[in-house]
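One structure is given here, and the rest of the page talks about it.
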Amino acid sequence: TADTNISSYPGEEELNYGASSRLRLKGIQMMALMDFDTTPIKRWKVTSAVIHFKYAGADRKLRTLGFSTVAAPWAEGTGTGEKKPGEVSFAWQKTGSSRWAGPQTDFTDVTFTSGHTIASYADIHPDADGWISARVDPRIVQCMALGLSYGLAVTDEKGQTMANNDLYSREQSNAKPYLTVTGETDHSADPKIERVAIQSMPSAAGPNTGAVKVTFAGSESAF
236 TADTNISSYP GEEELNYGAS SRLRLKGIQM MALMDFDTTP IKRWKVTSAV IHFKYAGADR
296 KLRTLGFSTV AAPWAEGTGT GEKKPGEVSF AWQKTGSSRW AGPQTDFTDV TFTSGHTIAS
356 YADIHPDADG WISARVDPRI VQCMALGLSY GLAVTDEKGQ TMANNDLYSR EQSNAKPYLT
416 VTGETDHSAD PKIERVAIQS MPSAAGPNTG AVKVTFAGSE SAF
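First residue of the sequence shown: 236, per the working numbering; consecutive thereafter.
Have a look at this one:
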């Protein structure tokens with residue numbers, strides 16, 4: 236439903252790529268930010284997930300991909316490598332008006348284990364006609380389906396090659412990225428959470444933050 240590049244390269248930190256037909260994965264310089272319609276799997280227990288991309292350029296040196304949940308909302312924007320006020324970029328959730336997680340934060344503060352996010356890594360599998368695929372930790376897709384992640388971040392984990400690995404984005408109608416998901420769908424009743432209790436937790440508090448401990452009871456299916 237949405238995808239864009241996120242560039243940390245000096246001078247490009249405020250650029251938006253939401254309307255581009257390509258996603259570039261290049262180490263820590265160029266990352267992808269994606270979202271999917273998870274409505275069909277909302278009530279699933281996800282057991283496996285695979286992401287599929289099609290190469291769009293001559294550099295094809297991807298070997299290992301990184302994946303992460305995203306802890307802040309975003310919209311893909313309308314840029315093709317320009318600064319667009321109010322649109323998503325590496326430095327801004329909304330360029331010029333809203334940082335990702337407060338003052339002096341950027342995209343790395345809401346992904347890849349920062350901001351309570353989950354990360355996973357997998358080698359790619361070469362498929363036919365320029366397609367590649369890789370396994371995504373099912374917990375990440377489960378978070379997306381439950382509304383606990385604002386899409387999916389993707390990185391090139393072999394960035395030392397310095398290759399411009401271009402993949403088609405959703406704007407390329409015959410080569411859109413997609414997810415295949417396997418899971419269990421038999422949920423006969425809604426799980427219930429009961430006996431919720433909240434108490435202060437000084438041991439986890441910091442100089443500028445408080446902390447609370449939340450306890451509750453629930454059936455195994457609730458998780």
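The beta-carbon is built from N, C-alpha and C at its ideal position, and this holds for glycine as well.
- Option in D358, I367 and C378 with minimal Cα separation from K393: Translated into positions along the sequence shown, residue 393 becomes position 158. Looking at the Cα atoms, D358 is the closest of the given residues.
- Message: Please report the distance separating the alpha-carbon of P338 from that of A446.
- Response: Reading the sequence shown from its first residue, position 103 is the one you call residue 338. Reading the sequence shown from its first residue, position 211 is the one you call residue 446. Their Cα atoms are separated by approximately 21 angstroms.
- Task: Just mark G253 as buried or exposed, buried being the case when its beta carbon has 16 or more other beta carbons within 10 Å.
- Result: Counted from its first residue, the sequence shown places residue 253 at position 18. It is buried - the Cβ of G253 has at least 16 other Cβ atoms within 10 Å.
- Query: Tell me which same chain residues have a C-beta within less than 6 angstroms of the C-beta of G301, skipping the five on either side of it?
  - Reply: Within the sequence shown, residue 301 is the residue found at index 66, counting from 1. These residues qualify, in order along the chain: Y356, T390 and E392.
- Can you grab the Cα-Cα spacing for the pair Y290 / T239, in whole Å? Taking the first residue of the sequence shown as 1, we reach residue 290 at position 55. Taking the first residue of the sequence shown as 1, we reach residue 239 at position 4. So the alpha carbons of these two residues sit roughly 16 angstroms apart.
- Item | Cβ-based burial, F451 [other Cβ within 10 Å; buried from 16] | One-based indexing of the sequence shown puts residue 451 at position 216. So F451 ends up on the exposed side.
- Item | Inter-residue Cα distance where the pair is T236 and D270 | Your numbering for residue 236 matches position 1 in the sequence shown. Your numbering for residue 270 matches position 35 in the sequence shown. One C-alpha to the other measures close to 6 angstroms.
- Message: Just to confirm the assignment: which complete beta strand (DSSP E) runs, minimum length 3, are found wholly within the stretch 361-435?
- Response: Counting only runs of 3 or more, we get 366-371, 387-391, 400-403, 413-419 and 428-435.
- Message: Pairs of beta-carbons, one from the stretch 311-323 and one from the stretch 241-255, closer than 8 angstroms: are there three or more?
- Response: yes
- Message: Whole angstroms are fine: how far does the CA of L260 sit from the CA of F288?
- Response: Your numbering for residue 288 matches position 53 in the sequence shown. Your numbering for residue 260 matches position 25 in the sequence shown. About 11 angstroms.
- Message: Going by DSSP, what residue range makes up the beta strand (DSSP E) through D179?
- Response: The structure shown does not extend to residue 179, since the chain is modelled only from 236 to 458, so the question has no answer here.
- The beta strand (DSSP E) spanning L300 covers which residue range? Translated into positions along the sequence shown, residue 300 becomes position 65. It spans T299 to T304 - the beta strand (DSSP E) in which L300 sits, taken as one unbroken run.
- Item | Beta-carbon separation (whole angstroms), L414 vs I286, contact threshold 8 angstroms | Within the sequence shown, numbered from 1, the residue matching residue 414 stands at position 179. Within the sequence shown, numbered from 1, the residue matching residue 286 stands at position 51. Indeed they touch by this definition, with Cβ atoms about 5 angstroms apart.
- Message: Quick check: E342 and S303, are their CB atoms within less than 7 angstroms of each other?
- Response: Position 107 of the sequence shown, counted from the start, is the residue given in the question as residue 342. Position 68 of the sequence shown, counted from the start, is the residue given in the question as residue 303. Residue 342 is actually Phe in this sequence, not Glu. Not a contact, by the Cβ cut-off of 7 angstroms.
- Query: Quick one: what's got a C-beta closer than 8 angstroms to Y244's C-beta in the same chain, skipping five residues either side?
  - Reply: Start at 1 with the first residue of the sequence shown, and residue 244 comes out as number 9. Excluding positions up to five away in sequence, the list reads Q264 and M265.
- DSSP state of I286, grouped into three classes? For the purposes of this step, residue 286 is taken as residue 51 along the sequence shown, with counting starting at 1. Three-state DSSP puts I286 in a strand.
- Mind checking who K319 pairs with in its DSSP beta bridge? Start at 1 with the first residue of the sequence shown, and residue 319 comes out as number 84. For K319, which the question treats as bridged, DSSP gives no partner whatsoever.
- Item | Extent of the continuous beta strand (DSSP E) to which G331 belongs | Residue mapping note: residue 331 aligns to position 96 of the sequence shown, counting from 1. Run containing G331: none; DSSP gives neither H nor E here.
- Message: Rounded to the nearest angstrom, what separates N409 and Y403 at their Cα positions?
- Response: As a working mapping, residue 409 is identified with position 174 in the sequence shown. As a working mapping, residue 403 is identified with position 168 in the sequence shown. Distance between the alpha carbons of N409 and Y403: 9 angstroms.
- What's the gap between the Cα of W309 and the Cα of T352? Within the sequence shown, the letter at position 74 stands for residue 309. Within the sequence shown, the letter at position 117 stands for residue 352. C-alpha separation (whole angstroms): 15 angstroms.
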